[in-house]
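In the numbering used here, the protein residues as written are 1 to 257. Everything below concerns the one structure shown next.
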């Protein structure tokens, strides 16, 4: 190991920015992502249900409003997040009182995530077989009850996966928000790692972002699998024949009766 490598590792261990600023920046990133995700779920799920319900495959097709709402959703989704942040600066200042810091960044993060999640929820609902909804209606359930009791529970594993994808996207968005004073690990990587050529800070911030994404993906996958009754049912079905024939013996033809 060369002296240059020794200096790098010593700086990595003794760097005051890593010791003091990195924990705070990590907390800011988690704060931005979690709050924006909750807001996106509160508004994005109903919006996704409406987009599905008012479409041609929904229970209340309404072509005109569906096209208008869908067009607005598509416009917001098509904007790069940095441009969306700039466009929302007056609204962000109105809501948060400032355009800098983690709290201010939540406004564009949530607004950018709502249409993104809405389209994912709509796609999840389209995967539900129409026969299950028809059976619910035939049994006397109204349209609203069918959506709440049949549609959403059936699509829940896929919707949880949509939450996971949205959370990971918000981590990436939060890093971009840091480039324009939004705080978090993105700001730390830019202000210290890039502008001040502090390579250890840049490496640590990048590794932490990767770890956060991996944790979100792992937790989301496990929750989605635990809610998927289809995988549970297939596992039970594969064990059922063994239980049915557990008490039977196949006679040996060579043995005398």
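Heads up, the beta-carbon is just placed ideally off N, CA and C, and yes, glycines get one too. No experiment lies behind these values; they were computed from the predicted model shown.
Please list, in chain order, all residues of the same chain as residue 120 whose beta carbon is under 6 Å from its beta carbon, the five residues on each side excluded.
-> For the purposes of this step, residue 120 is taken as the residue at position 120 of the chain shown. So the qualifying residues of the chain are 162.
So what does DSSP say about residue 154, is it helix, strand or coil?
-> Against the chain shown, residue 154 aligns to sequence position 154. In the structure shown, residue 154 sits in a helix (DSSP, three-state: H, G or I).
Under three-state DSSP, which class holds residue 88?
-> Residue 88 sits at position 88 when you count from the first residue of the chain shown. Correct three-state label for residue 88: coil.
Give the range of the alpha helix (DSSP H) segment to which residue 116 is assigned.
-> If you number the chain shown from 1, residue 116 lands on position 116. Boundaries of the alpha helix (DSSP H) harbouring residue 116: 102 to 126, taken from the DSSP string.
Just how far apart, CA to CA, sit residue 39 and residue 60?
-> Locating residue 39 in the chain shown gives position 39, where the first residue counts as 1. Locating residue 60 in the chain shown gives position 60, where the first residue counts as 1. In a straight line, the C-alpha of residue 39 is about 26 Å away from that of residue 60.
Three or more beta-carbon pairs under 8 Å between the region 63 to 72 and the region 93 to 113, yes or no?
-> The answer is no - the region 93 to 113 does not touch the region 63 to 72, with fewer than three Cβ pairs under 8 Å.
When burial is assigned at 16 or more other CB atoms within 10 Å of the CB, is residue 247 buried or exposed?
-> Translated into positions along the chain shown, residue 247 becomes position 247. Unreliable positioning characterises residue 247 in this predicted model, as indicated by a pLDDT of 47, which lies under 50. The coordinate reading is nonetheless provided below. It is exposed - the Cβ of residue 247 has fewer than 16 other Cβ atoms within 10 Å.
Can you tell which of 76, 77, 157, 105 has the C-alpha that lies nearest to the C-alpha of residue 89?
-> Your numbering for residue 89 matches position 89 in the chain shown. For the residues 76, 77, 157, 105, the minimum Cα distance to residue 89 belongs to 105.
Residue 177 - DSSP class collapsed to helix/strand/coil = Numbered from 1 along the chain shown, position 177 holds the residue referred to as residue 177. Note: residue 177 maps to helix in three-state DSSP.
Candidates 37, 23, 164: which alpha carbon is nearest residue 214's?
-> For the purposes of this step, residue 214 is identified with residue 214 of the chain shown, where counting begins at 1. Cα-wise, what sits closest to residue 214 is 164.
Hey, how far is the Cα of residue 101 from the Cα of residue 86?
-> In the chain shown, counting from the first residue as 1, residue 101 sits at position 101. In the chain shown, counting from the first residue as 1, residue 86 sits at position 86. Answer to the nearest angstrom: the Cα atoms are 14 Å apart.
Assigned secondary structure, residue 54 (DSSP; H/G/I helix, E/B strand, else coil) = Reading the chain shown from its first residue, position 54 is the one you call residue 54. Coil at residue 54, not helix or strand.
Outcome for residue 25 when other beta-carbon atoms lying within 10 angstroms are tallied against a minimum of 16 = Here residue 25 is taken as the residue at index 25 of the chain shown, counted from 1. When all chains shown are included, residue 25 counts as buried.
From 130, 103, 117, residue whose alpha carbon lies closest to that of residue 166 = Locating residue 166 in the chain shown gives position 166, counting from the first residue. Checked all of 130, 103, 117; the closest Cα to residue 166 is 117.
What number of angstroms, rounded off, separates the C-alpha of residue 28 from the C-alpha of residue 186?
-> Here the question's residue 28 lines up with position 28 in the chain shown. Here the question's residue 186 lines up with position 186 in the chain shown. About 10 Å.
With 16 other CB atoms within 10 Å as the buried threshold, where does residue 133 fall?
-> Residue 133 sits at position 133 when you count from the first residue of the chain shown. Buried, because 16 or more other Cβ atoms sit within 10 Å of the Cβ of residue 133.
Residue 65: first and last residue of the uninterrupted alpha helix (DSSP H) it sits in = The sequence position of residue 65 within the chain shown is 65, counting from 1. Per DSSP, residue 65 is one residue of the alpha helix (DSSP H) stretching across 63 to 78.
Which residues mark the beginning and the end of the alpha helix (DSSP H) in which residue 206 is found?
-> Against the chain shown, residue 206 aligns to sequence position 206. Where residue 206 is concerned, the enclosing alpha helix (DSSP H) stretches over 199 to 227.
Under 7 Å between C-beta atoms of residue 168 and residue 207 | Your numbering for residue 168 matches position 168 in the chain shown. Your numbering for residue 207 matches position 207 in the chain shown. Contact flag unset, no.
Using the C-alpha atoms, what's the distance from residue 159 back to residue 41?
-> For the purposes of this step, residue 41 is taken as the residue at position 41 of the chain shown. For the purposes of this step, residue 159 is taken as the residue at position 159 of the chain shown. Each residue's Cα considered, the two are about 10 Å apart.
Note down the Cα distance separating residue 33 from residue 135, rounded to an integer number of angstroms.
-> On the chain shown, position 33 is the one that residue 33 refers to. On the chain shown, position 135 is the one that residue 135 refers to. One alpha carbon belongs to residue 33, the other to residue 135, and they sit about 39 Å apart.
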